[in-house]
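There are 8 protein chains.
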Amino acid sequence: ARTGIPEVIYTPGKTKEQVRQIAERMYKSGIDILATRASEEVFMHVREVVPEVTFNKMARTIVFHHHSNREETKDYIAIVAAGTSDLPVAEEAAETARFLGNKVERIYDVGVAGIHRLFSKIEGIREARVIIVVAGMEGALPSVVGGLVNKPVIAVPTSVGYGANLGGITALLAMLNSCAAGISVVNIDNGFGAACQASLINQLK
Amino acid sequence: ARTGIPEVIYTPGKTKEQVRQIAERMYKSGIDILATRASEEVFMHVREVVPEVTFNKMARTIVFHHHSNREETKDYIAIVAAGTSDLPVAEEAAETARFLGNKVERIYDVGVAGIHRLFSKIEGIREARVIIVVAGMEGALPSVVGGLVNKPVIAVPTSVGYGANLGGITALLAMLNSCAAGISVVNIDNGFGAACQASLINQLK
Amino acid sequence: ARTGIPEVIYTPGKTKEQVRQIAERMYKSGIDILATRASEEVFMHVREVVPEVTFNKMARTIVFHHHSNREETKDYIAIVAAGTSDLPVAEEAAETARFLGNKVERIYDVGVAGIHRLFSKIEGIREARVIIVVAGMEGALPSVVGGLVNKPVIAVPTSVGYGANLGGITALLAMLNSCAAGISVVNIDNGFGAACQASLINQLK
Amino acid sequence: ARTGIPEVIYTPGKTKEQVRQIAERMYKSGIDILATRASEEVFMHVREVVPEVTFNKMARTIVFHHHSNREETKDYIAIVAAGTSDLPVAEEAAETARFLGNKVERIYDVGVAGIHRLFSKIEGIREARVIIVVAGMEGALPSVVGGLVNKPVIAVPTSVGYGANLGGITALLAMLNSCAAGISVVNIDNGFGAACQASLINQLK
Amino acid sequence: ARTGIPEVIYTPGKTKEQVRQIAERMYKSGIDILATRASEEVFMHVREVVPEVTFNKMARTIVFHHHSNREETKDYIAIVAAGTSDLPVAEEAAETARFLGNKVERIYDVGVAGIHRLFSKIEGIREARVIIVVAGMEGALPSVVGGLVNKPVIAVPTSVGYGANLGGITALLAMLNSCAAGISVVNIDNGFGAACQASLINQLK
Amino acid sequence: ARTGIPEVIYTPGKTKEQVRQIAERMYKSGIDILATRASEEVFMHVREVVPEVTFNKMARTIVFHHHSNREETKDYIAIVAAGTSDLPVAEEAAETARFLGNKVERIYDVGVAGIHRLFSKIEGIREARVIIVVAGMEGALPSVVGGLVNKPVIAVPTSVGYGANLGGITALLAMLNSCAAGISVVNIDNGFGAACQASLINQLK
Amino acid sequence: ARTGIPEVIYTPGKTKEQVRQIAERMYKSGIDILATRASEEVFMHVREVVPEVTFNKMARTIVFHHHSNREETKDYIAIVAAGTSDLPVAEEAAETARFLGNKVERIYDVGVAGIHRLFSKIEGIREARVIIVVAGMEGALPSVVGGLVNKPVIAVPTSVGYGANLGGITALLAMLNSCAAGISVVNIDNGFGAACQASLINQLK
Amino acid sequence: ARTGIPEVIYTPGKTKEQVRQIAERMYKSGIDILATRASEEVFMHVREVVPEVTFNKMARTIVFHHHSNREETKDYIAIVAAGTSDLPVAEEAAETARFLGNKVERIYDVGVAGIHRLFSKIEGIREARVIIVVAGMEGALPSVVGGLVNKPVIAVPTSVGYGANLGGITALLAMLNSCAAGISVVNIDNGFGAACQASLINQLK
Ligand SMILES: Nc1ncnc2c1ncn2[C@@H]1O[C@H](COP(=O)(O)O)[C@@H](O)[C@H]1O
Ligand SMILES: Nc1ncnc2c1ncn2[C@@H]1O[C@H](COP(=O)(O)O)[C@@H](O)[C@H]1O
Ligand SMILES: Nc1ncnc2c1ncn2[C@@H]1O[C@H](COP(=O)(O)O)[C@@H](O)[C@H]1O
Ligand SMILES: Nc1ncnc2c1ncn2[C@@H]1O[C@H](COP(=O)(O)O)[C@@H](O)[C@H]1O
Ligand SMILES: [Mg+2]
Ligand SMILES: [Mg+2]
Ligand SMILES: [Mg+2]
Ligand SMILES: [Mg+2]
Ligand SMILES: [Mg+2]
Ligand SMILES: [Mg+2]
Ligand SMILES: [Mg+2]
Ligand SMILES: [Mg+2]
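Residue numbers (the working numbering), protein chains in the order written: chain A, 227 to 431; chain B, 227 to 431; chain C, 227 to 431; chain D, 227 to 431; chain E, 227 to 431; chain F, 227 to 431; chain G, 227 to 431; chain H, 227 to 431.
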């Protein structure tokens, strides 16, 4: 595509009828389907017109590929996350990255307050071509990871937390001020956007 | 290096004596020197101990390489900016990227309010391996560029503007909300950080 | 009217009985009716007392004119918008402008991330007497449009987006900092207010 | 011009040498000159190359026209302001509007806390084709004016005040929430921007 | 009382059982009852134990006095408000002021955008001993009133509005920056607090 | 006066020549003079034309009365403050209150962190007719005072503090949320405004 | 434990099935259970697998200990709070502190606006080893307590209040700016976190 | 002392004469002297009256003890910091802690982006009785330290950084949202306050 990223359905603000209709049109035109932030109800609606469609409940993604034997990149994108609460965003990134043709490695449960778990998995992170780090609350994980690897790190703040976390603004600001070099940041909860950029990077020749 | 980014001197908050001393130590240890946010006065101080050092007044960078015939990447990083006021940040990015061994193309004077100038230079942007877009005020340039290319775009908001630009927060927020996919963002005025990530991307095998 | 803008019903914070009662009074006094931010339920209530009233679901407006053959201005107000999610605000502007006696041209689906679509419709925008540009997320569209036309542009930020869009504050701030001259801004989601000012401008002798 | 607004020199962030050089180039190319936010020192510098140039100290503007007998619009732009402290912004608007070929009427010293003064001058405001209202502190003046006229009102918040005025953000927010219809707003202290839009409106055929 | 203000029940965050129990205890102890921010449901609950209790739906207040022939002050507190949406806050102030033994005059429907209505009622405002001004949106009304009277004005910002009104913060900030002298401000929607201070003032010997 | 408050000179944003000129005009017209936020330099300038003028260095006020034997109110305004750093604001209030004809009692050095000092002076506070409480940092003093007296309390937040005090916004917000009834608030550092309202209250018949 | 704080279940964002499952695993592994921010419904679910589990409705905590005769510290943690609305946070702190093996003294109903109640209980506060002070609205209580004791004070701001309390940000900022020395602060409503630190302090040898 | 913390001179906002005078009074009364945020100039002034006084340039502290052989605690307070720019705040904490009679261990140059340095020094941190962690930028260090120790951690955000670090607000917010339990936070740059609380904790019997 012109922009390297095909059309994707962002479901919030669309009725379930609208989503089904768009999905049906894409299906009939031979276009692969990815819908994000989807509820199970929307999925059920889409399944009526695209029977083979799949739903990842945690990622809140609806996916359909016309060809099941798609090629995948050799290099992989690592998706690093800490707490359970951040997993919906991490999974949105993982599903989007795979939809865009990338091999993906999930490296979860590696928070800064229990840093030995991060160390036990650091090799898998270092060998990725590009790394997405998802974190809420104080948003410190990208700084720690960034200091341990020589690959580009894309940081995704999440809205997980309460009070002075300000709906994710705290994690966002923290990541923008990371003392580790080589980190850039996307919008709060934007697993999709992080995966788009990671995919463009991972597929550079 | 472990992190892919060598040591760099960030001059604010350091006295000119401290900067000269760090530069001298690096010089004697055979380490190449980059100092950012440097005044001409600091440069003069460093020159006393590192005679061949150079100064880019607009970028506010002090640079010294032990070997003049360093290799440069084949692919280049495009650095895109609009108004004259954003050039110090763009130049900080350019100097940092070159210091890290990258070929750099500067594509300046291409703002959103005179979009024909951007179109006349779009090919040079499209052929880059990775693109840094620097913009102040409403921070709209990365969205327009992102929609025209299929390469990763790193957006750098600048503090250029007044009133409701809130010292660059407006441009930062705008870039984080870009409707173009494949864009990530660094801190306000952080040309250095954008170049670090662009370099890691540009030098991926 | 003294202010050039007749009485209009803003429905939020009013019960459906209150809205019906106000509508009935206006109907009986021979005053034309516009109610904004109206639900279908409120519309149903008003219809009981004003049978010929119409409802625009997307605009959330209830409209009634005593004379069906009202005159319309020769010059038109262009209403420019990008994503589907911004259409309720664009339609509120369109319905209000028409209610105030203006010819209106809707120019939708022209976002900054796919700028060729904007170019294909630029003539219709240029020929308007005054232009309303509706945009959410990074709020960049008014800057691009403003740089292509020599007509006054009224920018309407929308609350469409999430995370760092801060309920529309990001788009609002971006528009206030536009680098294109000749742009002014109204409150977030205030399609009504933009149409009021556009109507005063369009009807200047 | 393509955008209806010719090139103007915004002096902040430019050295006095740079401003003189731009002014000289414009002078030699037969282009009229307006420089905003200019200090007396910059003016002195420009005068060396453009002898007939004039300086408005309060407006902080430098102006030069190649033809002294320029035509002026028949209709005028009213510029309304309250306290002495807001006059630099009001004057920037006035000078810019006149530079763009408009007849201008200044209506000063008409604050909301002494509303009888506003009433004594209301006719001159009502007869304008378009009205610029400049106000700092609580930013209430545009609402009062807007309720008394049927012409488009462009509100300019100023940074005048202290403490909870937040550098003009308070006046800006107040104006965006005006309960009077037909008002739009520009950036804090942006007399220039208000005049650009007022000029486009005033010169509509 | 030590503080001049007797015990009052603030109902939010209390269950209806808790409110009834507190009301019952006060009733049996011969203490007069005022409960604010009360729903009709809570009122019904209280009525079971305090049969003569009354409910002001708009004010959301529950009131009971042991002696019906209470004395009232000779001087009155004027309560000034504009739009219908601000009336719940104005009525909370009115009911609280009366509960504290003050004569109250309500002067409603006097907004800044239709200033002739304010002028037609200005005498009743001027003759009060102390004035409470309630306003949402741009919060301009206290400035206009303050400039017309020589009595203390207590300004109450309301949360009425949307977008850049920030839940009433805009009106609050505007009122704190009033250019009229003699104005002080209470928390957003705090009709109760304004009435407490107005009562202390009105009952000064 | 119409508003109960005579004209006062607010010196910031005025040149020393302008202040002298205004003072001279008032002097010759038989009007008493109060100038606030004045530097010693401005005072020296004014003294050239109004020889008997006095300067309160801490209050930063310039004062002149045509009649030395002015009458003073019987009841007094108490001005309560804690730290030395808040005294300039407290003194601005004191000087303004006296200028407006009020008897004033200063009760300083009574912070919340050493509450016994407040208790030792509480009688002098209780006997005032109206109380101005000046406080920076956490702005807690008005709540404590308000709970101990049955007189109106006007709270003045100061900009004293650093970091999370946000230039006085923290003290302002705290005071607006006081759990003591009968408190209202003026702008940050606005000793003048507090004194204006206190004077209107103190002089109520 | 490595960090001095055992595993605790934070229930928000977990389904009741997930909480039950975690509780069951802990129960079977001989680990004591604390779940915070729990609803009664979640409690009922956990009780199906851990029959002896208890629920503190106000604290919203679920607790189970394998050994009923656990030892408690000799020194106690004082938990100080004012209004009823702050009690859920105070109780969360109390339950957590007890779960971690500490003796706890609750000292409630001691707000700054009725300071005599605080004084009547000050001895019980002074004799604690460490003090947790919970407060909403203006957050002044920790300053007053801190000035009366020589023990470490941990301040917990609550989200209790409305309007300018900004969901607890006001109390948080006030506490961070306390003029009393020896105070530190945790996140809004974070009774759990305050108790963790208090426990580490109370159990220091 | 009543509060466990003796009187200390906070120099900002005081003239050098005032500081000298306070120091002289303390000296003559046999009170030990600590002045914070002091310039070398102020130190020189104090030295005229207290000859043996010492100055720590980095800490910006002036210290004098009447008895040179003061006792020190057995247990120590660890002061942990990363970048050079944070050292003034760390040193303010260190000097204050020592002034209050505590043994202090400085553990510097241990940032999150080079975490091996932190690990090499972790034993010295673990053996402290209480730990102060000073960090600017993203404020992540307290979370990492807190996860590695079982002692109370007091986090001090610094104003070091630029752009989206918002003068230290970002580090402050991050620390308040730490995912490690047992952490509390003081105001931005408040090394003094952290040391006060650490001293109270370290000296608990
Ligand atoms: N212009 C810059 N903006 C942000 N970070 C920078 C900049 N220049 C250098 N740095 C980073 O700051 C580090 C040096 O920080 P310091 O130890 O405080 O001198 C370098 O290693 C870079 O990672
Ligand atoms: N006072 C002003 N405020 C805002 N924008 C201005 C002002 N004066 C000039 N401009 C705009 O800034 C442009 C020049 O910007 P630059 O290329 O950075 O010098 C002009 O063409 C105007 O559109
Ligand atoms: N310190 C002060 N803070 C706030 N307002 C003040 C102060 N001193 C004077 N004023 C007000 O400012 C008005 C003069 O404003 P100006 O016309 O701009 O000089 C006076 O009449 C007062 O109402
Ligand atoms: N660096 C500091 N930061 C915050 N508070 C301080 C600092 N140094 C001293 N203080 C406090 O300020 C008080 C003195 O304030 P003041 O009476 O205004 O001089 C001392 O007793 C300390 O409690
Ligand atoms: Mg790295
Ligand atoms: Mg792209
Ligand atoms: Mg234009
Ligand atoms: Mg109007
Ligand atoms: Mg008045
Ligand atoms: Mg009281
Ligand atoms: Mg204490
Ligand atoms: Mg720990």
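We treat Cβ as the ideally placed atom computed from N, Cα and C, and that holds for glycine. In this text the structure is predicted, and so the values were computed from the model without any measurement.
Item to check | Partners in chain A for B:G230, counting only beta-carbon separations shorter than 7 angstroms | outcome: Residues of chain A passing the Cβ test: N376 and G408.
Next on the checklist: Just to check my reading of the structure: A:A285 and A:A320 have Cβ atoms closer than 8 angstroms, yes? What is that Cβ distance to the nearest angstrom?
Outcome noted: 7 angstroms
Item to check | First and last residue of the uninterrupted alpha helix (DSSP H) at A:T396 | outcome: I395 to L402
Item to check | Simplified DSSP state of A:P383, which is helix, strand or coil | outcome: strand
Checklist entry - For a contact meaning CB atoms closer than 8 angstroms, what does G:I414 contact in chain A? => result Y388, G389 and A390
Checklist entry - With C-beta atoms as the reference, is A:S346 less than 8 angstroms away from A:C405? => result no
Checklist entry - Mapping DSSP to helix, strand and coil, what is D:R463? => result Because chain D here runs from 227 to 431, residue 463 of chain D falls outside it and cannot be looked at.
Item to check | C:I333: contacting residues in chain B (beta-carbon distance under 9 angstroms) | outcome: Within 9 angstroms Cβ-Cβ: nothing; C:I333 doesn't reach chain B, min ~17 angstroms.
Item to check | contact_flag[the segment 394-403 of chain G, the segment 390-410 of chain F] where n(CB pairs < 8 angstroms) is 3 or more | outcome: yes
Checklist entry - Using 8 angstroms as the limit for Cβ to Cβ distance, is G:G365 near chain A? => result no
Checklist entry - Between which two residues does the beta strand (DSSP E) carrying F:T262 extend? => result I259 to T262
Item to check | Interface residues of chain F facing H:S385 [CB-CB closer than 8 angstroms] | outcome: G389
Checklist entry - So, do the segment 244-252 of chain F and the segment 343-358 of chain E have three or more beta carbon pairs nearer to each other than 8 angstroms? => result no
Item to check | Three-state secondary structure assigned by DSSP to C:R355 | outcome: coil
Item to check | Contact set between the segment 326-350 of chain B and chain A, restricted to residues whose Cβ is under 9 angstroms from the partner | outcome: none
Item to check | Proximal chain H residues relative to B:L398, where beta-carbon distance stays under 7 angstroms | outcome: A390
Item to check | From H:N428, H:I333, H:A316 and H:V386, residue whose alpha carbon lies closest to that of H:N282 | outcome: Measuring from the Cα of H:N282, the nearest candidate turns out to be H:A316.
Checklist entry - Secondary structure at C:R296, three-state DSSP: helix, strand or coil? => result If DSSP states are grouped into helix, strand and coil, C:R296 belongs with coil.
Item to check | For D:E349, three-class secondary structure by DSSP | outcome: helix
Checklist entry - For the alpha helix (DSSP H) that G:V412 lies in, which residues bound it at each end? => result Here G:V412 belongs to no alpha helix (DSSP H), and DSSP marks it neither H nor E.
Checklist entry - Less than 7 angstroms between the CB of D:S410 and some heavy atom of ligand 2, yes or no? => result no
Checklist entry - Starting from F:T280 and walking both ways along the alpha helix (DSSP H), at which residues does that stretch end? => result Per DSSP, F:T280 belongs to no alpha helix (DSSP H); it is in the beta strand (DSSP E), T280 to N282.
Item to check | Local Cβ density within 10 Å of C:G256, reported as buried at 16 or more and exposed below that | outcome: exposed
Next on the checklist: Let me confirm a value: G:S294 is counted as buried when at least 16 other C-beta atoms fall within 10 Å, else exposed. Which label applies?
Outcome noted: exposed
Checklist entry - Is it the case that the Cβ atoms of H:I351 and H:A304 are separated by a distance below 8 angstroms? => result yes
Item to check | Element boundaries [alpha helix (DSSP H), containing A:K254] | outcome: K242 to K254
Checklist entry - If you draw a straight line from the C-alpha of E:P378 to the C-alpha of E:D301, how long is it? => result 14 angstroms
Checklist entry - Is it true that the CB of E:A264 sits closer than 8 angstroms to the CB of E:I288? => result In this structure, E:A264 lies closer than 8 angstroms to E:I288 by Cβ.
Checklist entry - Would the beta-carbon of D:I235 be found less than 7 angstroms away from any heavy atom of ligand 2? => result yes
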